[in-house]
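As given, the protein sequences belong to chains B and E, one line each in that order. Numbers in our numbering are just positions in the first sequence, counted from 1, shifted up by 4. Numbers in our numbering are just positions in the second sequence, counted from 1, shifted up by 4. Note that beta-carbon positions come from the ideal geometry of N, C-alpha and C, so glycine has one too. Please read these numbers as outputs of a predicted model, since none were measured by experiment. Taking it in order: structure first as structure tokens, then the write-up.
There are 2 protein chains.
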Amino acid sequence: MAAVQLGVHMDIFEAIEKRYSARRFEDRQVEPEKLGRLLEAARLAPSAKNLQEWRFVVVQDEETRARLAEAAFQRFVGNAPTILVCCADSDGYVMRCGLPSYPIDVAIAIDHITLAAVALDLGTCWIGKFDPDKIRDILGIPERVHIVELLLVGYATDSPRPKNRLAVEEFVRYEHW
Amino acid sequence: MAAVQLGVHMDIFEAIEKRYSARRFEDRQVEPEKLGRLLEAARLAPSAKNLQEWRFVVVQDEETRARLAEAAFQRFVGNAPTILVCCADSDGYVMRCGLPSYPIDVAIAIDHITLAAVALDLGTCWIGKFDPDKIRDILGIPERVHIVELLLVGYATDSPRPKNRLAVEEFVRYEHW
């Protein structure tokens with residue numbers, strides 16, 4: 005297994021607990037082997053009807069990152085050495101429950117990446133605040149492709165804050181709403 | 005850590021590789037401690053603006069499961085000893101990228117559950133094929149709450165098939181679309 009080859013192990017529960025939204029990063033770039041592990045984690049995600057709508061544009065060029073940061077209204081976005089522009093090439097499939105499959109399927113793939121990143125000592129941050137038209141222009145993304153999220157990736161220099169979350173009893177019910 | 009208390013460890017990459025969509029299950033129920041670990045994994049998920057829209061109805065009653073299976077058009081759904089009805093109590097927040105946050109946020113929480121489940125020797129299956137109005141009626145879910153997915157949980161008796169996926173080169177581009 006590639007995980008073993010990289011000599012990396014992390015318990016799934018530990019990864020879930022340690023993941024946080026990183027906003028400050030070292031200058032050094034993510035190693036290609038680690039990037040490959042992240043993309044492999046995304047590759048193995050499940051999706052509706054196995055459609056695998058996820059598409060990623062890996063942006064590491066400094067000038068392009070600065071332009072993406074502008075399109076995301078937040079300068080810190082450009083400080084991440086790698087930005088994954090997370091897209092969906094969807095045929096428009098809507099599940100019987102009434103929701104399009106692509107935002108969910110892309111989210112699963114991104115979540116795999118964020119948890120794998122913890123094991124690789126990398127920080128990540130989901131960014132849903134951006135002007136999709138500007139991102140589309142900057143990267144030449146075709147009209148049919150949806151831009152779902154940006155994911156910042158790099159060696160984080162900030163520290164996790166305690167997670168502020170609802171208690172289980174506040175979001176779980178039994179047998180009936 | 006609770007993971008240690010349960011004596012459970014699984015490498016994140018191994019969990020990602022081993023997860024599959026389970027459709028056959030043993031009769032025995034998921035232990036409450038394990039269910040608690042799954043819900044804790046969901047609890048720690050990130051969400052847009054930390055909205056935590058996720059809500060879960062845990063259904064274990066046999067008759068209710070049979071009714072959910074009917075609403076999902078597939079008898080095997082009722083054979084899972086536990087069905088998590090994964091909902092979103094959303095205030096309608098739409099991210100600047102143009103997408104509502106709730107399907108993505110609920111998907112992240114569910115993905116956490118599916119990976120934690122692997123470590124607990126449990127199988128899971130995402131179900132997006134269901135009549136939301138019927139599920140709403142069966143469980144008394146209010147109109148404002150979105151029903152996003154069903155997640156089957158139990159001790160799986162089927163075996164994973166090899167994952168049929170795109171190659172990384174087919175879904176990744178560099179610097180530009």
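*Is F60/B near V81/B, with beta carbons less than 8 angstroms apart?*
Against a cut-off of 8 angstroms, the Cβ pair of V81/B and F60/B comes out as no contact.
*Could you name the residues of the segment 50-83 of chain E whose beta carbon sits closer than 8 angstroms to any beta carbon of chain B, in the order they occur along the chain?*
Against chain B - using a Cβ distance shorter than 8 angstroms - the residues of the segment 50-83 of chain E are P50, A52, N54, Q56, W58, R59, F60, V61, V62, V63, Q64, D65, T68, F77.
*Can a CB atom of chain B be found closer than 8 angstroms to the CB of A92/E?*
No, its Cβ sits nowhere closer than 8 angstroms to a Cβ of chain B.
*asked:* Only counting the same chain, and skipping five residues up and downstream in sequence, which positions put a Cβ closer than 8 angstroms to that of A171/B?
replied: Excluding residues within five positions, none has a Cβ falling inside 8 angstroms.
*With C-beta atoms as the reference, is A120/B less than 8 angstroms away from I20/E?*
Judged by their CB atoms, A120/B and I20/E are nearer to each other than the 8 angstroms cut-off.
*asked:* So that I know if they touch, is there some Cβ in chain B lying closer than 8 angstroms to that of D141/E?
replied: It does not; no Cβ of chain B falls within 8 angstroms.
*Show which residues of chain B have a CB atom less than 9 angstroms away from the CB atom of L119/E.*
Those within 9 angstroms of L119/E in chain B are I16, A19, I20, D115, H116, L119.
*Please look up how many angstroms separate the CB atoms of A160/B and A45/B, rounded, as I've assumed it's under 8 angstroms.*
Wrong, their Cβ atoms sit about 18 angstroms apart, outside the cutoff.
_Pair within 8 angstroms by beta-carbon distance, T86/E and V34/E_ = Yes, Cβ-Cβ distance for T86/E and V34/E is below 8 angstroms.
*Min CB distance A26/E to chain B below 8 angstroms*: By this cut-off, A26/E is not an interface position.
*Name the DSSP bridge partner or partners of I151/E?*
Beta-bridge pairing links I151/E to C91/E.
*Taking Cβ-Cβ distances shorter than 8 angstroms, what residues in chain E pair up with S163/B?*
Neighbours of S163/B on chain E: none; closest Cβ ~16 angstroms, over 8 angstroms.
*In angstroms with no decimal places, state the Cα-to-Cα distance between V8/E and E30/B.*
Bear in mind that the predicted position of V8/E carries a pLDDT of just 46, short of 50, making it unreliable; the figure below should be weighed with that in mind. Linking V8/E to E30/B through their CA atoms gives a straight-line distance of about 32 angstroms.
*Closest by CA to A206/E, which one among V176/E, I139/E, I145/E?*
Lying outside 5 to 181, the shown extent of chain E, residue 206/E is not represented and no answer is given.
*When you compare only the Cα positions, how much space is there between L43/B and V62/B?*
Approximately 10 angstroms between the Cα atoms of the pair.
_Of the residues G40/B, L39/B, H150/B, the one placed nearest P136/B, counting alpha carbons only_ = Of the candidates G40/B, L39/B, H150/B, the one whose C-alpha sits nearest the C-alpha of P136/B is H150/B.
*Write down every uninterrupted run of the alpha helix (DSSP H) in the segment 105-168 of chain B whose length is 4 residues or greater and which is fully enclosed by it, in chain order.*
Fully enclosed alpha helix (DSSP H) runs of 4 or longer: 106-123, 136-143.
*Please name the residue in C91/E, M99/E, V157/E whose C-alpha comes closest to that of A123/E.*
Comparing Cα-Cα distances from A123/E to each of C91/E, M99/E, V157/E, the minimum goes to V157/E.
*Report yes or no: is there a C-beta of chain B within less than 8 angstroms of the C-beta of F29/E?*
Under the 8 angstroms criterion on CB atoms, F29/E is classed as non-interfacial with respect to chain B.
*Can R165/B and L48/E be called in contact, C-beta distance under 8 angstroms?*
Annotated as distal: R165/B and L48/E, with beta-carbon spacing of 8 angstroms or more.
*From F175/E to D65/B, what distance separates their C-alpha atoms?*
Between F175/E and D65/B, the alpha-carbon positions lie close to 19 angstroms from each other.
_At the 8 angstroms Cβ level, is G96/E part of the contact set with chain B, yes or no?_
No, no contact with chain B.
*Neighbourhood of E57/B by C-beta, 6 angstroms cutoff - its chain only, sequence neighbours within 5 removed*: Cβ within range, chain order: A92, D93, S94, Y106, D109.
*List the endpoints of the continuous alpha helix (DSSP H) containing R59/B.*
Careful: R59/B lies outside any alpha helix (DSSP H), inside the beta strand (DSSP E) at 58-63.
*Name the one or two DSSP bridge partners that S51/B has.*
According to DSSP, S51/B bridges with nothing at all.
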